Amino acid sequence: MSSSDRIVREMVVDGIDDWVPLRDLVFVVRQVAGDERAVVDLVTEVAETLLRDKLMAFGELGDPGFVPWPGDDEAVLRRLIAELDAVDWRPDTHSWWLANTDRGDEMGRQIEQEE
1 MSSSDRIVRE
11 MVVDGIDDWV
21 PLRDLVFVVR
31 QVAGDERAVV
41 DLVTEVAETL
51 LRDKLMAFGE
61 LGDPGFVPWP
71 GDDEAVLRRL
81 IAELDAVDWR
91 PDTHSWWLAN
101 TDRGDEMGRQ
111 IEQEE
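Going left to right, the sequence shown walks through residues 1 to 115 as full-length UniProt numbering numbers them.
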């Protein structure tokens, strides 16, 4: 299993019970990436998979809770990269979040049962 696949699985399991801070995704990637370019590439790859497979949405907290970023997958990915570029790929804890979709919850529960 690739690093990207392992991280996707970890994110959807983490997202079953609560929203996941984007900082967690970047932190997990930093544990396996060799350098900053690899961090950018792997975060982008994982985000593309999460969006393409409709497993998680990217957004922020608002009223009354998680508010997904608008736009199609490409627009969300462009925003994600722009936001992370603006903070040198070191997001704080409370700026941006990931939330499982129903499909993400289903996958996360299936992974939990396998483990």
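Every residue, glycine too, gets a C-beta built ideally from N, C-alpha and C.
Keep in mind it's a predicted model, so treat the numbers as computed, not measured.
Need the endpoints of the alpha helix (DSSP H) that Val29 sits in, please. Taking the sequence shown and counting its residues from 1, the one referred to as residue 29 is at position 29. Per DSSP, Val29 belongs to the alpha helix (DSSP H) from Leu22 to Val32.
Per DSSP, which one or two residues make a beta bridge with Met56? Within the sequence shown, numbered from 1, the residue matching residue 56 stands at position 56. The partner list for Met56 (beta bridge, DSSP) reads Asn100.
Could you please give me the residues that DSSP links to Pro70 through a beta bridge? Residue numbering aside, residue 70 sits at position 70 when the sequence shown is read from its first letter. BP columns for Pro70 are empty, so no partner.
According to the Cβ coordinates, are Leu55 and Val8 closer than 8 Å? Here residue 55 corresponds to residue number 55 of the sequence shown, with the count starting at 1. Here residue 8 corresponds to residue number 8 of the sequence shown, with the count starting at 1. Yes.
Would Pro91 be called buried (16 or more neighbouring beta carbons within 10 Å of its own) or exposed? Here residue 91 refers to the residue found at position 91 of the sequence shown. That one is buried.
Taking 8 Å as the cut-off, decide whether the C-beta atoms of Phe58 and Pro68 are in contact. Here residue 58 corresponds to residue number 58 of the sequence shown, with the count starting at 1. Here residue 68 corresponds to residue number 68 of the sequence shown, with the count starting at 1. It is a contact, given that the beta carbons lie within the stated cut-off.
Contact between the segment 101-115 and the segment 10-20 is defined here as three or more beta-carbon pairs at a separation below 8 Å; is this criterion met? yes
Assuming Val43 and Val20 are in contact, meaning their beta carbons sit under 8 Å apart, how far apart are those beta carbons, in whole angstroms? As a working note, residue 43 is residue 43 in the sequence shown. As a working note, residue 20 is residue 20 in the sequence shown. Not really, about 13 Å apart at Cβ, beyond 8 Å.
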